[in-house]
Amino acid sequence: MQARLAFDQHDWSPSFRERLQDYARGVEVDFVDLKIDFPDRTRFQRSVIAATRRIPWGATRTYGQLAQSAGSPRAARAVGSVMAANRFPIIVPCHRVVGAGGRLGGFSAPQGVTLKQRMLELEGGWQRSR
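Sequential numbering of the sequence shown, starting at -14, is according to the numbering used here.
Next comes the structure, spelled out in structure tokens:
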């Protein structure tokens, strides 16, 4: 699937890099201002991506909640497929999407669910006791 960041390198690169560094230090940041173009995605997939980008720092949503936000309340599994195809973790914060009952679910980035849990803990959106 194609996707590309739509920003001018000269205008955004330093800011983007600084925000990534801040994120790694646990400083609350967001990337909603970065435009991402997904020309080959369906309307549903783009809706899921947009809803995912609106999940705030430190919060989580279930696959079912995102399906509802995208206008297809019975499409939780399809939301999982959209998350699995995400090529821009953090910018499209798929790590904030969890299974019903608070299960971590999957994560296709290197280190898998272990990294997902660490990212959520960094943001204060996950406690090990869950």
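Even for Gly, the Cβ is constructed at its ideal location relative to N, Cα and C.
Same chain, Cβ closer than 6 Å to residue i, five either side skipped, listed in chain order
i	result
Trp42	Glu13, Glu108
Gly65	Tyr48
Arg4	Val14
Gln30	Val67
Whole-angstrom distance between residue j and residue i, CA atom to CA atom
i	j	result
Thr37	Arg2	21 Å
Thr47	Val83	5 Å
Gly90	Leu51	14 Å
Leu100	Ala94	8 Å
Arg53	Gly97	First, the amino acid is wrong: residue 53 is Gln here, not Arg. For Gln53 and Gly97, the distance between alpha carbons rounds to 25 Å.
Arg72	Phe23	11 Å
Arg26	Pro58	19 Å
Ala85	Ala61	10 Å
Tyr35	Val67	For clarity, residue 35 is Ala in the given sequence; the question names Tyr instead. For Ala35 and Val67, the distance between alpha carbons rounds to 11 Å.
Gly87	Leu105	12 Å
Tyr8	Ser0	12 Å
Arg28	Ala63	13 Å
Residue i vs residue j beta-carbon contact at 7 Å
i	j	result
Tyr55	Val33	The amino acid at residue 55 is misidentified as Tyr; the sequence shows Ala. Yes.
Arg81	Thr45	yes
Pro78	Ile40	yes
Close Cβ partners of residue i (< 8 Å) along its chain, the five nearest in sequence each way excluded
i	result
Ile76	Leu(-10), Phe16, Leu19, Ile21, Arg38
Per DSSP, cross-strand counterpart(s) of residue i
i	result
Thr47	Val83
Cβ shell of residue i (< 7 Å), same chain only, five flanking positions each side left out
i	result
Gly11	Leu107
Phe92	His80, Val98, Leu100, Lys101
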